[in-house]
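**Q** Numbering (mature numbering (1 follows the signal peptide of the UniProt record, and there is no 0)), first residue to last: -18 to -1, 1 to 315. Sharing a structure here in structure tokens format.
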């Protein structure tokens, strides 16, 4: 399977994630306990990964699996980070619309680039750093609210809580992604075995969160397993499947590509989300949002395009070569 196919599929799933989550609300509120969605998504990912691992074990070539506790325990860290991140993104969508949520998610490009340099010792070219900065400018531009006929009480179109949670979500996503990539590429273990470890811890920590919610609430609503599916609709189940499938695709990219491909593919989802939000939620495609999208697209081209497409190197090289040839001829004469 080619990485660009996985990235394109991830883009489609991510673009529908915010929309499905918003559609699962009733009058702007969740009728279900949204903490159960990440838990069920972890169970889904664990079952799928376990099935494919079982198929690998049954095949003639036995997969490589490191079972020492000192290696297994490393998967605890991203599970905790993903636990916090998944719940923060639900809280974020109560303050911002799906398009704003997707655009703010592009901030993880900046934090991922920094963490790449600090922890994974990845070097980015000057053009790539410029693309990252340009992306930050584009996401900021898209959030500026215009002052038209309505009074301009704020420069931003959403409450400050939404932006704080959005920034926190972007930082957590980048941290979890970089650490997960480190674990996935640390050895040659089977991808499905690594997923089983990651999602087993994820399910346990999400279960612990549900138990804590019961304890802090004084068990007024009863134990979480009795009300696990309360308020669930078809759309809610689509949110669970979307979140689970997205996680599986991300783990594949972490193993065989890298975080930059992942975050840029999810940022492309912003374009689809914007178009769908205009149709589904009567959102306005403002000039600021349009300019922000254009800037983000330029950033995408600058980061991944070959240098020869950005700088006219062939013509320069030919000119230099011709000049050197002329100098050589003159010296011989």
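The C-beta atom is built at its ideal place from N, Cα and C for all residues, glycine as well.
#1: Which full runs of the alpha helix (DSSP H) of 4+ residues lie inside the stretch 162 to 239, going along the chain?
#2: Can you tell me the Cβ-Cβ gap for residue 233 and residue 166, rounded? I've got them flagged as a contact below 8 Å.
#3: Go ahead and pull the three-state DSSP assignment for residue 104.
#4: By alpha-carbon positions, which one of 35, 66, 1 and 98 ends up nearest to residue 245?
#5: If you draw a straight line from the alpha carbon of residue 65 to that of residue 290, how long is it in whole angstroms?
#6: Identify whether residue 394 lies in helix, strand or coil by the three-state DSSP scheme.
#7: Of all the options 23, 101, 251 and 83, which has the alpha carbon lying nearest to the alpha carbon of residue 164?
#8: Compare the Cα-Cα distances from residue 222 to each of 72, 177 and 173 and report the closest residue.
#9: Using a Cβ-Cβ cut-off of 8 Å (strictly less than) and excluding sequence neighbours within five positions of residue 174, which residues of its own chain qualify?
#10: Between residue 95 and residue 111, how many whole angstroms is the CB-CB distance? I'm expecting something under 8 Å.
#11: Where residue 262 and residue 216 are concerned, what is the direct C-alpha to C-alpha distance, given to the nearest angstrom?
#12: By alpha-carbon positions, which one of 256, 123, 231 and 266 ends up nearest to residue -11?
#13: What do you reckon, are the CB atoms on residue 15 and residue 209 nearer than 8 Å?
#14: Do residue 2 and residue 70 have their beta-carbon atoms positioned less than 8 Å apart in this structure?
#15: Which residues in the same chain as residue 182 place their Cβ atom closer than 7 Å to its Cβ, once the five residues preceding and following it in sequence are excluded?
#16: Distance check for residue -17 and residue 228, CA to CA, integer angstroms please.
#17: Let's test the definition: count the other Cβ atoms within 10 Å of the Cβ of residue 146 and tell me whether it reaches 16, buried, or not, exposed.
#18: Would you list the residues sitting across from residue 8 in a DSSP beta bridge?
#19: Skipping 5 residues on each side, what residues in its chain have a beta carbon closer than 6 Å to that of residue 237?
#20: Assuming residue 177 and residue 48 are in contact, meaning their beta carbons sit under 8 Å apart, how far apart are those beta carbons, in whole angstroms?
#21: What span of residues does the alpha helix (DSSP H) with residue 292 cover, start to end?
#22: For residue 22, tell me which candidate among -6, 158, 117 and 187 has the shortest Cα-Cα distance.
#23: Compare the beta carbon distance of residue 256 and residue 280 with 8 Å and say whether it is the shorter of the two.
#24: Report the option in 93, 242 and 224 whose CA atom is closest to the CA atom of residue -6.
#25: Kindly indicate the opening and closing residues of the alpha helix (DSSP H) around residue 60.
#26: Give me, in chain order, the residues of the same chain whose beta-carbon lies closer than 6 Å to that of residue 58; leave out the 5 immediate sequence neighbours on both sides.
#27: Along the alpha helix (DSSP H) that carries residue 279, what are the first and last residues, could you check?
#28: How big is the Cα-Cα spacing for residue 190 and residue 20?
**A** Taking the definition as stated:
#1: Within the stretch 162 to 239, the complete alpha helix (DSSP H) runs of at least 4 residues fall at 173 to 198 and 216 to 238.
#2: The C-beta separation of residue 233 from residue 166 comes to about 7 Å, placing the pair in contact by the 8 Å criterion.
#3: Assigned with DSSP and collapsed to three states, residue 104 falls in coil, not helix or strand.
#4: The candidate whose alpha carbon is nearest that of residue 245 is 98.
#5: Rounded to whole angstroms, residue 65 to residue 290 spans 42 Å at the Cα level.
#6: Not covered by the structure: residue 394. The range shown for the chain is -18 to 315.
#7: Per the Cα distances, 101.
#8: Residue 222 has its Cα closest to that of 72, out of 72, 177 and 173.
#9: Leaving aside the five residues that flank residue 174 on each side, the residues in its chain whose CB is nearer than 8 Å to its CB run, in chain order, 31, 32, 34, 35, 38 and 45.
#10: Taking the Cβ atoms as the reference, residue 95 lies roughly 7 Å from residue 111, within the contact range of under 8 Å.
#11: So the two alpha carbons sit approximately 17 Å from each other.
#12: Out of 256, 123, 231 and 266, 231 has the C-alpha closest to the C-alpha of residue -11.
#13: In this structure, residue 209 lies closer than 8 Å to residue 15 by Cβ.
#14: No, the pair does not count as a contact, with Cβ atoms beyond the cut-off.
#15: So the qualifying residues of the chain are 28.
#16: If you draw a straight line from the Cα of residue 228 to the Cα of residue -17, it comes to about 16 Å.
#17: Here residue 146 is exposed: its Cβ has fewer than 16 other Cβ atoms, across all protein chains shown, within 10 Å.
#18: The partner list for residue 8 (beta bridge, DSSP) reads 11.
#19: Once the five neighbours on either side are set aside, the close Cβ partners of residue 237 are 166 and 173.
#20: Their Cβ separation, rounded to whole angstroms, is 14 Å, which puts residue 177 and residue 48 out of contact at 8 Å.
#21: Taken as a continuous stretch (DSSP letters only), the alpha helix (DSSP H) holding residue 292 covers 289 to 292.
#22: Considering only alpha carbons, the answer is 187.
#23: No, the Cβ-Cβ distance between residue 256 and residue 280 is not below 8 Å.
#24: The candidate whose alpha carbon is nearest that of residue -6 is 224.
#25: Taken as a continuous stretch (DSSP letters only), the alpha helix (DSSP H) holding residue 60 covers 58 to 74.
#26: If the five residues before and after residue 58 are omitted, its C-beta is found closer than 6 Å to the C-beta atoms of 183, all from its own chain and listed in chain order.
#27: Looking at the DSSP string, the run of the alpha helix (DSSP H) that includes residue 279 is 269 to 286.
#28: Taking the straight line from one Cα to the other gives about 12 Å.
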